[in-house]
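Peer 1:
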Amino acid sequence: MGNQVELLVNLQVVDQQLRERTEAIEALRQGLAEIEREFAGQRTLLETCRAERAEFEARRRDLEGTLNDEESKMKDRRMRLNRIRNEKEASAVRREIEVGKEGNQKIEEDLMVVFEALDVVNARESELQRDYDAIEARRAEQQVKVDSEIATLSAGLDEARRRRDELAADIDAGLRRQYEAIFIRRRGLAVVEVRGGTCQGCHIRVAPQLSNEIQRNQRVIVCPNCHRILFARNETSATA
Numbered sequence: 002m003g004n005q006v007e008l009l010v011n012l013q014v015v016d017q018q019l020r021e022r023t024e025a026i027e028a029l030r031q032g033l034a035e036i037e038r039e040f041a042g043q044r045t046l047l048e049t050c051r052a053e054r055a056e057f058e059a060r061r062r063d064l065e066g067t068l069n070d071e072e073s074k075m076k077d078r079r080m081r082l083n084r085i086r087n088e089k090e091a092s093a094v095r096r097e098i099e100v101g102k103e104g105n106q107k108i109e110e111d112l113m114v115v116f117e118a119l120d121v122v123n124a125r126e127s128e129l130q131r132d133y134d135a136i137e138a139r140r141a142e143q144q145v146k147v148d149s150e151i152a153t154l155s156a157g158l159d160e161a162r163r164r165r166d167e168l169a170a171d172i173d174a175g176l177r178r179q180y181e182a183i184f185i186r187r188r189g190l191a192v193v194e195v196r197g198g199t200c201q202g203c204h205i206r207v208a209p210q211l212s213n214e215i216q217r218n219q220r221v222i223v224c225p226n227c228h229r230i231l232f233a234r235n236e237t238s239a240t241a
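Residue numbers (our numbering): 2 to 241.
Dropping the structure here:
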């Protein structure tokens with residue numbers, strides 16, 4: 002085939018390898034980003050649960066402190082009641098004791114509600130922690146795997162880019178720009194074979210006269226339908 006078209010065919014092979022490796026690397030990174038989002042989401046849930054537990058524990062401490070203070074006051078009232086000889090004063094203290102009992106009962110009820118809530122939130126935190134640990138382990142394992150696969154894929158990129166630069170340097174600048182635009186537009190397939198009079202890119206038959214001209218490989222011809230660059234194989238074609 003004509004030298005320029007042959008170079009384009011070879012360039013496309015390298016570009017397809019570069020594209021495939023680059024897309025594979027990006028897919029690996031996207032997969033890692035997805036598990037990072039999952040990990041961050043789980044961490045947020047766990048931190049929210051911990052904050053909720055901390056609020057309940059603070060409430061528990063407040064109630065327990067208040068109850069201890071009130072029970073100390075109740076003890077003082079009972080001791081004072083034992084010393085009082087005036088019935089009127091004794092009646093007032095007894096009333097204080099009754100009111101204090103009612104208040105303490107309400108505090109104890111509030112404490113029970115807090116203890117029950119703590120049981121629930123502690124159980125939820127344990128479950129969230131287990132899920133967090135599992136995701137963290139999977140994340141670490143995935144990171145190692147992705148790093149290894151990316152290293153393998155990246156190993157040949159520099160050599161492929163060097164080879165591409167060598168090929169591109171021998172191709173007419175205008176033709177190279179045309180090829181690169183088609184390569185992007187046609188998602189990695191800019192140069193296609195004409196086989197049996199049919200474009201292998203869009204599978205539409207080309208005119209016999211045009212097909213005959215393509216067989217001679219004397220100039221760059223594009224498919225009238227898909228606008229890809231066409232080439233024809235022959236026995237002297239060593240590469241495609």
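We put the CB at the ideal spot given by N, CA and C, even for glycine.
Tell me the DSSP secondary structure of Cys50 in three-state form.
Peer 2: Along the sequence shown, read from residue 1 onward, the residue named residue 50 stands at position 49. Looking at Cys50 - three-state DSSP - the assignment turns out to be helix.
Peer 1: How big is the Cα-Cα spacing for Val223 and Arg140?
Peer 2: For the purposes of this step, residue 223 is taken as residue 222 along the sequence shown, with counting starting at 1. For the purposes of this step, residue 140 is taken as residue 139 along the sequence shown, with counting starting at 1. Distance between the alpha carbons of Val223 and Arg140: 48 angstroms.
Peer 1: Less than 9 angstroms separating the beta-carbons of Glu39 and Ile136?
Peer 2: If you number the sequence shown from 1, residue 39 lands on position 38. If you number the sequence shown from 1, residue 136 lands on position 135. A contact, by the Cβ cut-off of 9 angstroms.
Peer 1: Along the chain, where does the beta strand (DSSP E) containing Leu231 start, and where does it finish?
Peer 2: In the sequence shown, residue 231 corresponds to position 230, counting from 1. From DSSP, the beta strand (DSSP E) with Leu231 extends over 230–232.
Peer 1: Pick from Asp159, Ile85, Ile215, Asn123: whose alpha carbon is nearest that of Arg22?
Peer 2: For the purposes of this step, residue 22 is taken as residue 21 along the sequence shown, with counting starting at 1. Here the closest residue by C-alpha is Asp159.
Peer 1: Going by beta-carbon coordinates alone, are Asn123 and Glu72 separated by less than 9 angstroms?
Peer 2: The sequence position of residue 123 within the sequence shown is 122, counting from 1. The sequence position of residue 72 within the sequence shown is 71, counting from 1. Not closer than 9 angstroms, so no.
Peer 1: List the endpoints of the continuous alpha helix (DSSP H) containing Arg140.
Peer 2: Along the sequence shown, read from residue 1 onward, the residue named residue 140 stands at position 139. Start and end: 88–156.
Peer 1: From this set, Asp63, Gln144, Ile108, Ala52, which residue's C-alpha is nearest Glu37's C-alpha?
Peer 2: For the purposes of this step, residue 37 is taken as residue 36 along the sequence shown, with counting starting at 1. Of Asp63, Gln144, Ile108, Ala52, the residue nearest in Cα terms is Gln144.
Peer 1: Could you check if Ala138 is buried or exposed, using at least 16 other CB atoms within 10 Å of its CB as the buried criterion?
Peer 2: Along the sequence shown, read from residue 1 onward, the residue named residue 138 stands at position 137. Burial call: exposed.
Peer 1: Between Lys76 and Asn83, what straight-line distance do the alpha-carbon atoms span, to the nearest angstrom?
Peer 2: The sequence position of residue 76 within the sequence shown is 75, counting from 1. The sequence position of residue 83 within the sequence shown is 82, counting from 1. Approximately 11 angstroms, taken between the alpha carbons.
Peer 1: Could you please give me the residues that DSSP links to Glu194 through a beta bridge?
Peer 2: One-based indexing of the sequence shown puts residue 194 at position 193. Partner(s): Phe232.
Peer 1: For Val14, does the three-state DSSP call read helix, strand or coil?
Peer 2: Within the sequence shown, numbered from 1, the residue matching residue 14 stands at position 13. DSSP places Val14 in helix when its eight states are reduced to three.
Peer 1: Gln210: which of Arg220, Gly198, Glu88, Gly202 sits nearest, CA to CA?
Peer 2: The residue given as residue 210 occupies position 209 in the sequence shown. Looking at the Cα atoms, Gly198 is the closest of the given residues.
Peer 1: Could you give the DSSP three-state label for Arg78: helix, strand or coil?
Peer 2: Translated into the one-based positions of the sequence shown, residue 78 becomes position 77. The answer is helix: DSSP assigns Arg78 an H, G or I state.
Peer 1: Buried or exposed: where does Glu65 fall if 16 or more other Cβ atoms within 10 Å of its Cβ makes it buried?
Peer 2: Locating residue 65 in the sequence shown gives position 64, where the first residue counts as 1. Flag for Glu65 reads exposed.
Peer 1: Could you give the distance in angstroms between the alpha-carbon of Ala25 and the alpha-carbon of Leu33?
Peer 2: Walking along the sequence shown from the start, residue 25 turns up at place 24. Walking along the sequence shown from the start, residue 33 turns up at place 32. Their backbone Cα atoms lie some 12 angstroms apart in a straight line.
Peer 1: Which first and last residues belong to the alpha helix (DSSP H) in which Gln210 is found?
Peer 2: On the sequence shown, position 209 is the one that residue 210 refers to. Its alpha helix (DSSP H) spans residues 209–217.
Peer 1: Between the Cα of Lys102 and those of Arg78, Ser155, Glu128, spot the shortest distance and give me the residue it belongs to.
Peer 2: Numbered from its first residue, the sequence shown carries residue 102 at position 101. Closest by alpha carbon: Arg78.
Peer 1: Would you mind working out which of Gln130, Arg163, Met80, Leu29 sits nearest Lys146, comparing C-alpha positions?
Peer 2: As a working note, residue 146 is residue 145 in the sequence shown. When each option's Cα is compared against that of Lys146, the closest is Leu29.
Peer 1: The alpha helix (DSSP H) that contains Gly1, what's its start and end?
Peer 2: What the structure shows of the chain is the stretch from 2 to 241, and residue 1 is not part of that stretch, so it cannot be assessed.
Peer 1: If we count the other Cβ atoms within 10 Å of its Cβ and call it buried at 16 or more, is Phe184 buried or exposed?
Peer 2: As a working mapping, residue 184 is identified with position 183 in the sequence shown. Under this definition Phe184 is a buried residue.
Peer 1: Since Ile232 and Asn213 are thought to touch, with beta carbons under 8 angstroms apart, how far apart are those beta carbons, to the nearest angstrom?
Peer 2: Within the sequence shown, numbered from 1, the residue matching residue 232 stands at position 231. Within the sequence shown, numbered from 1, the residue matching residue 213 stands at position 212. Checking the sequence, you will find Phe at residue 232 rather than Ile. Contact flag wrong, Cβ pair sits at about 14 angstroms.
Peer 1: By Cβ distance below 7 angstroms, which residues in the same chain neighbour Thr1 in space, the five residues on each side in sequence not counted?
Peer 2: This structure cannot speak to residue 1, because the chain is shown only from 2 to 241.
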